[in-house]
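**Student:** Going by this note's numbering, the sequence shown opens with residue 11, and the numbers climb by one from there. Using N, Cα and C, we set each Cβ at its ideal position, and we do this for glycine too. Provided herewith is a single structure, encoded as C-alpha cells, for subsequent inquiry.
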Amino acid sequence: MSAPAPIPTAITRMLGIRYPIVVAPMFLVSTPALLRAVAEAGAIAVIPSLNFRTHRAFAAFLEAFPELPFGVNLILKDNPRLAEDLEAVVRRRVPLVVTSLGDPGPVVERVRAYGGRVFADVVGLRHAKKAAERGVDALVAVAAGAGGHAGRVSPFVLAPWLKEETGLPVLVAGGLATGRHLLAALALGDAGYFGTRFIATPESAADEAYRRMLFEAGPEDVVYTDAVTGVPANFLAPSLERFRQGAKPWKEVYSAGHAVAFVRETIPAGALVHRIAEEYHRAKAGLP
Ligand SMILES: Cc1cc2nc3c(=O)[nH]c(=O)nc-3n(C[C@H](O)[C@H](O)[C@H](O)COP(=O)(O)O)c2cc1C
C-alpha cells in the first residue's frame, strides 16, 4: 500500500518531513524505536533527554541514532543534566529541540548556530511572547486536555491566539488523536502535536497495565492536578488513587490527556501516522 499524499505546511518545510505530525515527547514512554518508526513513516517524534537514566546513555543514543528527522526535549527547570545534555545535542547537531518549563534563550543560541530548530512549549501568551523574543522557530501551544503538564486554555483559543499575537508558526497540542483533529489543527495552526494517542503503540515503553487503563478510560477519567509534580498535569484517575499510597509519579501514576477517548487498541506507530494522514485527506474532502 502506498503512503498517503504529503500534507505540506510551514512546519513540514522547516523540518523536511512529509506530514505535519509531531509525536510529542513523553517521559518514560518515548523510545528510540518510536522515533525511528515515526520518522520512517514521514513524520517526526521527540524524546525527552531524561528518558535516558544517565547523560552517558543519552549521548550513546545520539551517536547511534540514524540520519533521520528526530527531536530531543530538554526540560529547562530544575534539571541538573541540562548543560551536558545540551552539549551532546550540539555535538550531534540534533535537527529539532523542544524546550519546556523555562527560558529557551540559551538553547536557541546554541542550536540555531548549527542550523537546528527550536520549538518552545507554552501554555499562555506571556511565555509565548518571551519565547518569541528569544528567537524560537515555532511555539507548541499546550492546551487544556493535553497529556502531561497541560494548560488551561481551550486549543480552539490558544493556538490561533498565540499565532496572531507572535506571528510564529504554532503546533496544536492537547486532545489530538485522528485525522479530523489534524485537519482542525491546520485550520488553527501549522501542525498537530500528538502525545496520548501514541502511548499504546508497540514501540512505546508503556507497560501492559498502563495500556489496559488507557483502553478502558474515557476523558472523564482524566484528572487535572498539581498534587503529583507541583505543576498542573493530567493523570488517569484510577492510577491517581495509588499516588496517595506512595506510587511513583509517571511510572505508576499514569499520565494521559482527553485523547484517551480514541485510544482503544495497539497500533504500530508508522501505521498510525499513515492512518492519521489518510483520515485527514478523507475528512478534508468531506468538508461542506
Ligand atoms: C505520559 C506523558 C509524558 C509526558 N512527558 C513530557 C515530557 O517529558 N516533556 C514534555 O515536554 N512534555 C511531556 N508530555 C506532554 C506532551 O509532550 C504533549 O504536550 C501532550 O501529550 C499533548 O497532548 P495529548 O496527550 O492530548 O496529545 C507528556 C505527556 C504524556 C501523556
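Counting beta carbon pairs with one atom in the stretch 192-211 and one in the stretch 250-261, are three or more of them shorter than 8 Å?
**Tutor:** The answer is no - the stretch 192-211 does not touch the stretch 250-261, with fewer than three Cβ pairs under 8 Å.
**Student:** According to DSSP, simplified to helix, strand and coil, what is Asn83?
**Tutor:** Here residue 83 refers to the residue found at position 73 of the sequence shown. Reduced to three states, the DSSP call for Asn83 is strand.
**Student:** If you count every other CB in all the chains shown that lies within 10 Å of the CB of Lys261, and 16 or more means buried, which is it?
**Tutor:** In the sequence shown, counting from the first residue as 1, residue 261 sits at position 251. When all chains shown are included, Lys261 counts as exposed.
**Student:** With DSSP as the reference, please indicate the residues paired to Tyr203 in a beta bridge.
**Tutor:** If you number the sequence shown from 1, residue 203 lands on position 193. Val32 and Ala183, per the DSSP bridge assignment.
**Student:** Indicate whether Ala43 and Phe204 have their beta-carbon atoms separated by less than 8 Å.
**Tutor:** On the sequence shown, residue 43 is found 33 positions in, with the first residue counted as 1. On the sequence shown, residue 204 is found 194 positions in, with the first residue counted as 1. Contact flag unset, no.
**Student:** So the candidates are His137, Ala295 and Arg274; which of them puts its Cα closest to the Cα of Ala187?
**Tutor:** Indexing the sequence shown from 1 puts residue 187 at position 177. Selected option, being the one with the closest Cα: Arg274.
**Student:** Considering only the alpha carbon of each residue, which of Phe129, Arg63, Arg136 and Gly267 lies closest to Asp231?
**Tutor:** Taking the sequence shown and counting its residues from 1, one reaches residue 231 at position 221. Closest by alpha carbon: Gly267.
**Student:** Candidates Ala183, Leu149 and Lys173: which alpha carbon is nearest Ser164's?
**Tutor:** On the sequence shown, residue 164 is found 154 positions in, with the first residue counted as 1. Checking every option, the nearest Cα to that of Ser164 belongs to Ala183.
**Student:** Judging by CA-CA distance, which residue of Gly199, Leu106 and Ala160 is the nearest neighbour of Gly240?
**Tutor:** The residue labelled residue 240 in the question sits at position 230 within the sequence shown. Considering only alpha carbons, the answer is Ala160.
**Student:** Looking only at its own chain, which residues have a Cβ that is under 7 Å from the Cβ of Thr19, when we skip the five neighbours before and after it?
**Tutor:** For the purposes of this step, residue 19 is taken as the residue at position 9 of the sequence shown. Correct list, in chain order: Pro30, Leu196, Asp200 and Ala201.
**Student:** So, using beta-carbon positions, are Ala15 and Val283 closer together than 8 Å?
**Tutor:** The residue labelled residue 15 in the question sits at position 5 within the sequence shown. The residue labelled residue 283 in the question sits at position 273 within the sequence shown. Not in contact: Ala15 and Val283 (Cβ atoms no closer than 8 Å).
**Student:** Alpha carbon to alpha carbon, how far is Ala53 from Asp236?
**Tutor:** Locating residue 53 in the sequence shown gives position 43, counting from the first residue. Locating residue 236 in the sequence shown gives position 226, counting from the first residue. In a straight line, the C-alpha of Ala53 is about 32 Å away from that of Asp236.
**Student:** Please report the Cβ distance between Val152 and Val132, rounded to the nearest whole angstrom; I am assuming they are in contact, meaning their Cβ atoms lie under 8 Å.
**Tutor:** Mapped onto the sequence shown, residue 152 falls at position 142. Mapped onto the sequence shown, residue 132 falls at position 122. Confirmed, Cβ separation roughly 7 Å.
**Student:** In whole angstroms, what separates the C-alpha of Arg290 from that of Ala281?
**Tutor:** Walking along the sequence shown from the start, residue 290 turns up at place 280. Walking along the sequence shown from the start, residue 281 turns up at place 271. The amino acid at residue 290 is misidentified as Arg; the sequence shows Tyr. Approximately 14 Å, taken between the alpha carbons.
**Student:** What are the start and end residues of the beta strand (DSSP E) that includes Pro58?
**Tutor:** Taking the first residue of the sequence shown as 1, we reach residue 58 at position 48. Counting along the chain, the beta strand (DSSP E) containing Pro58 begins and ends at Ile54 to Pro58.
**Student:** Kindly examine ligand 1 and report whether one of its heavy atoms sits closer than 7 Å to the Cβ of Ser265.
**Tutor:** Here residue 265 refers to the residue found at position 255 when the sequence shown is read from its first residue. Yes, the beta carbon of Ser265 sits closer than 7 Å to at least one heavy atom of ligand 1.
**Student:** Ile21 and Ala142: beta carbons closer than 8 Å?
**Tutor:** Working through the sequence shown from its first residue, we reach residue 21 at position 11. Working through the sequence shown from its first residue, we reach residue 142 at position 132. No, they are not a contact pair.
**Student:** Please list, in chain order, all residues of the same chain as Tyr124 whose beta carbon is under 6 Å from its beta carbon, the five residues on each side excluded.
**Tutor:** Residue 124 sits at position 114 when you count from the first residue of the sequence shown. So the qualifying residues of the chain are Arg103.
**Student:** Among Leu96, Arg101 and Pro105, which residue has its Cα nearest to the Cα of Pro114?
**Tutor:** Stepping through the sequence shown from its first residue, residue 114 is reached at position 104. Among Leu96, Arg101 and Pro105, the Cα nearest to that of Pro114 belongs to Leu96.
**Student:** Which of the three DSSP states is assigned to Arg66 in this structure?
**Tutor:** To locate residue 66, count along the sequence shown from 1; it is residue 56. Note: Arg66 maps to helix in three-state DSSP.
**Student:** If you check the beta carbons only, do Leu172 and Ala138 fall under 8 Å apart?
**Tutor:** Indexing the sequence shown from 1 puts residue 172 at position 162. Indexing the sequence shown from 1 puts residue 138 at position 128. Result yes, Cβ atoms of Leu172 and Ala138 sit closer than 8 Å.
**Student:** Less than 8 Å between the C-beta atoms of Gly126 and Val146, yes or no?
**Tutor:** Within the sequence shown, numbered from 1, the residue matching residue 126 stands at position 116. Within the sequence shown, numbered from 1, the residue matching residue 146 stands at position 136. No; because the gap between Cβ atoms is not below 8 Å, this pair is not in contact.
**Student:** Relative to the alpha-carbon of Arg136, which residue among Ala156, Arg122, Val117 and Gly112 has its alpha-carbon at the smallest distance?
**Tutor:** As a working mapping, residue 136 is identified with position 126 in the sequence shown. Answer by Cα proximity: Gly112.
**Student:** With a floor of 4 residues, list each alpha helix (DSSP H) that falls wholly inside the stretch 243-294, ordered by position along the chain.
**Tutor:** Entirely contained in the stretch 243-294, the alpha helix (DSSP H) runs reaching 4 residues are, in chain order, 247-253.
**Student:** Check whether the Cβ of Asp131 sits closer than 7 Å to any heavy atom of ligand 1, and report yes or no.
**Tutor:** Position 121 of the sequence shown, counted from the start, is the residue given in the question as residue 131. At least one heavy atom of ligand 1 is nearer than 7 Å to the Cβ of Asp131, so yes.
**Student:** Does ligand 1 have a heavy atom nearer than 7 Å to the CB of Leu178?
**Tutor:** On the sequence shown, position 168 is the one that residue 178 refers to. Because no heavy atom of ligand 1 lies under 7 Å away, the Cβ of Leu178 does not count as near it: no.
**Student:** Straight-line CA distance for Pro105 to Met223?
**Tutor:** Along the sequence shown, one-based indexing puts residue 105 at 95. Along the sequence shown, one-based indexing puts residue 223 at 213. Taking the straight line from one Cα to the other gives about 34 Å.
**Student:** Quick one: what's got a C-beta closer than 7 Å to Val118's C-beta in the same chain, skipping five residues either side?
**Tutor:** As a working note, residue 118 is residue 108 in the sequence shown. Closer than 7 Å at Cβ, skipping near neighbours: Val128, Arg144, Gly145 and Val146.
**Student:** Could you pull the start and end residues of the alpha helix (DSSP H) that Tyr234 belongs to?
**Tutor:** On the sequence shown, residue 234 is found 224 positions in, with the first residue counted as 1. Unbroken run through Tyr234 is the beta strand (DSSP E), Val232 to Thr235; no alpha helix (DSSP H).
**Student:** Given a threshold of 16 other Cβ atoms within 10 Å of its Cβ, counted over all protein chains shown, does Pro90 qualify as buried or as exposed?
**Tutor:** Locating residue 90 in the sequence shown gives position 80, counting from the first residue. Burial call: exposed.
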